[in-house]
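Each residue of the sequence shown is one higher than the one before, starting from 1 at the first, in the UniProt record's numbering.
For reference, the structure is listed below as structure tokens.
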Amino acid sequence: MKLRSKVQIFLSGFMILVILVINSAVYLLYEERVSENELNRVKADAENVMEAIAENSTVDVENNNLLKAFLPANAIIRIIEEDMEEQDPLHEVYTEEQFTQWPFSYLTYEQTRIARDENKTPYAQVSIPIIWEDGSIVTLQVSEALYSMEDSLSTLRLVLFLTAGVMLFPALFAGYFLSRYITKQIQSLTLEMKENPKNGKWEKLTINKKNKDEISEMQQAYNAMIERVEENRQKQERFVSDASHELRTPISVIKSYAELLKRRGKDKPEIFDEATDAILSESDRMQHLTEQMLVLAKKEDQENIKFEQVNISQIARDVIRSLSTAYQREIKFYHDTDHDITVSADRNKIQQAIYILVDNACKYSEDIVVVQIQENHQQLTIAVSDNGEGLSKNEQEHIFDRFYRVDKSRSRKAGGTGLGLAICHQIIQAHGGEIEITSQVNQGSTFTLTLPM
Numbered sequence: 001m002k003l004r005s006k007v008q009i010f011l012s013g014f015m016i017l018v019i020l021v022i023n024s025a026v027y028l029l030y031e032e033r034v035s036e037n038e039l040n041r042v043k044a045d046a047e048n049v050m051e052a053i054a055e056n057s058t059v060d061v062e063n064n065n066l067l068k069a070f071l072p073a074n075a076i077i078r079i080i081e082e083d084m085e086e087q088d089p090l091h092e093v094y095t096e097e098q099f100t101q102w103p104f105s106y107l108t109y110e111q112t113r114i115a116r117d118e119n120k121t122p123y124a125q126v127s128i129p130i131i132w133e134d135g136s137i138v139t140l141q142v143s144e145a146l147y148s149m150e151d152s153l154s155t156l157r158l159v160l161f162l163t164a165g166v167m168l169f170p171a172l173f174a175g176y177f178l179s180r181y182i183t184k185q186i187q188s189l190t191l192e193m194k195e196n197p198k199n200g201k202w203e204k205l206t207i208n209k210k211n212k213d214e215i216s217e218m219q220q221a222y223n224a225m226i227e228r229v230e231e232n233r234q235k236q237e238r239f240v241s242d243a244s245h246e247l248r249t250p251i252s253v254i255k256s257y258a259e260l261l262k263r264r265g266k267d268k269p270e271i272f273d274e275a276t277d278a279i280l281s282e283s284d285r286m287q288h289l290t291e292q293m294l295v296l297a298k299k300e301d302q303e304n305i306k307f308e309q310v311n312i313s314q315i316a317r318d319v320i321r322s323l324s325t326a327y328q329r330e331i332k333f334y335h336d337t338d339h340d341i342t343v344s345a346d347r348n349k350i351q352q353a354i355y356i357l358v359d360n361a362c363k364y365s366e367d368i369v370v371v372q373i374q375e376n377h378q379q380l381t382i383a384v385s386d387n388g389e390g391l392s393k394n395e396q397e398h399i400f401d402r403f404y405r406v407d408k409s410r411s412r413k414a415g416g417t418g419l420g421l422a423i424c425h426q427i428i429q430a431h432g433g434e435i436e437i438t439s440q441v442n443q444g445s446t447f448t449l450t451l452p453m
């Protein structure tokens, strides 16, 4: 079932239910009020008859003349003695013969009620106990047919029925046009979505700024999604382009040395040694670059974080010991507490991030490298400082971008790929932390990691 049909059926059904409830409430309230008025009127007639019996002579009562004098229209008056339910009443006067079929009973208490006979004719019945001439208690019962009330209720039912019909047609039309209005916008939205991408490019939806409804919010959400898709597409294209560019150089070197070996390698051993060394070096570089690209492409640092309690102080010491030996450099370590600091993190990932920063500091500086760990306000900071050439403001803005290198010739000589800091940035973000750089040209740089404790 289409959405338009569902909306129309729901609105129509709801309006029908509302109309039925309102009309039923009106009818029941009116019926209750009219019934109460009729009972009060018949009760007043019965009280008048009771007062007349008490004031007038017994003869008039026995001849039914008094009862006939106070007999209302469309009514019957009865005087009922005890144990006479199955016999004729003591006195009985009526305006229509059919009223004698209405039931009667002896009661010692006052009773008012509305009932219907076999012909579904409503009548009001009032029973009042009175003291008879011999001192016994009899029941004065006045019953009156409620023809006027039945006519009023019939007229009210007709009016309510016609009113419901008149109200239902606008409700049906309103449901139709409302469902059409809603589904028309959704169909338009769906059509524009199906047309994406156009010529390989994702297009945003046209939004009517005057509308502030849910459809407009959905269009805005779709456009925001398109922006993310386009941004990811551009990142993917840039990643592929940068990766191709980075791989082109080592491939060209390997190919050149392979051709050189083919032409002259057999005759000159020194060329053989140079070519094989270069090919191995570039092969290692390609392998390292490929592994780093896979880490970024698969987003392993964001999806496979395994948190555990790790001794961050000991990890920093291990990284410093390893790199100080590899580079034959002095790396100073400062710790502001007397005890080791433990945090919740992925051991391998956080060690990789620290390793990248210290390794970069050793590659791009000749002086002492300083690593400092501090604990402050439920945060852990790890600062890695060097006294290298430093970075300009523009370079600092792009330092965490993939494949970005300040000095490509120097980076290639040091073995850099332009991916290390991007990986480090991704690891720290996955841990809920931040990484910042403070640097000045010719005065060195400081990379600061901030992690929640």
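Here a beta-carbon is modelled for each residue, glycine too, at the ideal position from N, C-alpha and C.
- Pair within 9 angstroms by beta-carbon distance, residue 455 and V142: In the structure displayed, the chain extends from 1 to 453; residue 455 sits before or after that span and is not available.
- Pick helix, strand or coil for Y327, following the three-state DSSP scheme. In the structure shown, Y327 sits in a helix (DSSP, three-state: H, G or I).
- Task: Using 10 angstroms around the beta-carbon of S127, count the other beta-carbons present and answer buried if the total reaches 16, otherwise exposed.
- Result: Buried is the label assigned to S127, since at least 16 other Cβ atoms lie within 10 Å of its Cβ.
- What residue ranges within the region 32-80 form continuous beta strand (DSSP E) runs of no fewer than 3 residues, ordered along the chain? Taking only runs of at least 3 residues, the beta strand (DSSP E) segments lying wholly in the region 32-80 are 75-80.
- Item | As assigned by DSSP and simplified to three states, the class of T139 | T139 falls in the strand class under three-state DSSP.
- Query: Considering only residues of the same chain and omitting the five flanking positions on each side of E32, which have a CB-CB separation below 7 angstroms?
  - Reply: The answer is none, since no qualifying residue turns up.
- Task: Can you grab the Cα-Cα spacing for the pair S439 / E397, in whole Å?
- Result: Between the C-alpha atoms of S439 and E397 there is a straight-line separation of about 11 angstroms.
- Close beta carbons around V441, own chain, < 8 angstroms, minus the five adjacent residues each side: Counting only Cβ-Cβ distances below 8 angstroms, and skipping sequence neighbours, we find E389, G390, L391 and S392.
- Item | Inter-stretch contact at 8 angstroms, needing at least 3 Cβ pairs: the region 324-332 / the region 358-374 | Output reads yes: the region 358-374 touches the region 324-332.
- Going along the chain, which residues of its own chain have a beta-carbon closer than 6 angstroms to the beta-carbon of T342, five neighbours each way excluded? These residues qualify, in order along the chain: Q309 and N311.
- Message: By the three-class DSSP mapping on this structure, what secondary structure does S365 have?
- Response: Three-state DSSP puts S365 in coil, outside helix and strand.
- Item | Closest residue to Q101 among L107, E118 and T108 (Cα-Cα distance) | Ranking L107, E118 and T108 by Cα distance to Q101 puts E118 first.
- In the DSSP assignment, what residue or residues form a beta bridge with G444? Under DSSP, G444 forms a beta bridge with Q440.
- Message: Please state the DSSP three-state secondary structure of H377.
- Response: Of the three classes helix, strand and coil, the one that applies to H377 here is coil, per DSSP.
- Item | Residue from A44, V7, S445 and L160 whose Cα sits closest to the Cα of I19 | The shortest C-alpha separation from I19 is found at L160.
- Query: Which residue's Cα is closest to the Cα of L172: T448, R157, L17 and S445?
  - Reply: Among T448, R157, L17 and S445, the Cα nearest to that of L172 is on L17.
- Exposed unless 16 or more other CB atoms sit within 10 angstroms - verdict on E38: Burial call: buried.
- Task: Compare the Cα-Cα distances from R113 to each of Y106, L107, A124 and P103 and report the closest residue.
- Result: Ranked by Cα distance from R113, the options Y106, L107, A124 and P103 are led by A124.
- Message: Could you tell me the alpha carbon to alpha carbon distance between N64 and F70, rounded to whole angstroms?
- Response: Cα to Cα, the separation comes out at about 10 angstroms.
- Query: Under 9 angstroms, do A145 and N40 count as touching if we go by C-beta distance?
  - Reply: N40 is positioned such that its CB atom lies no closer than 9 angstroms to that of A145.
- Query: Would A430 pass as a contact of K349 if the rule is Cβ separation under 9 angstroms?
  - Reply: Taking 9 angstroms as the Cβ cut-off, A430 and K349 qualify as a contacting pair.
- Between L357, K198 and V42, which lies nearest to L419 when the distance is taken from Cα to Cα? Ranked by Cα distance from L419, the first of L357, K198 and V42 is L357.
- Opening and closing residue of the alpha helix (DSSP H) in which E192 lies: The continuous alpha helix (DSSP H) containing E192 extends over residues Y147 to K194.
- Message: Residues in the same chain with beta-carbon distance under 7 angstroms from S409, minus the five sequence neighbours each way, listed in chain order, please.
- Response: Unreliable placement is indicated for S409, whose pLDDT of 45 sits below 50; no coordinate value is reported for it.
- Message: Looking at D83: is its Cβ nearer than 9 angstroms to the Cβ of Y109?
- Response: In this structure, Y109 does not lie closer than 9 angstroms to D83 by Cβ.
- Whether I254 touches R264 by CB criterion (9 angstroms): Not closer than 9 angstroms, so no.
- Message: For H425 and E195, I'd like the C-alpha separation in whole angstroms.
- Response: Take the alpha-carbon of H425 and the one of E195: they are about 37 angstroms apart.
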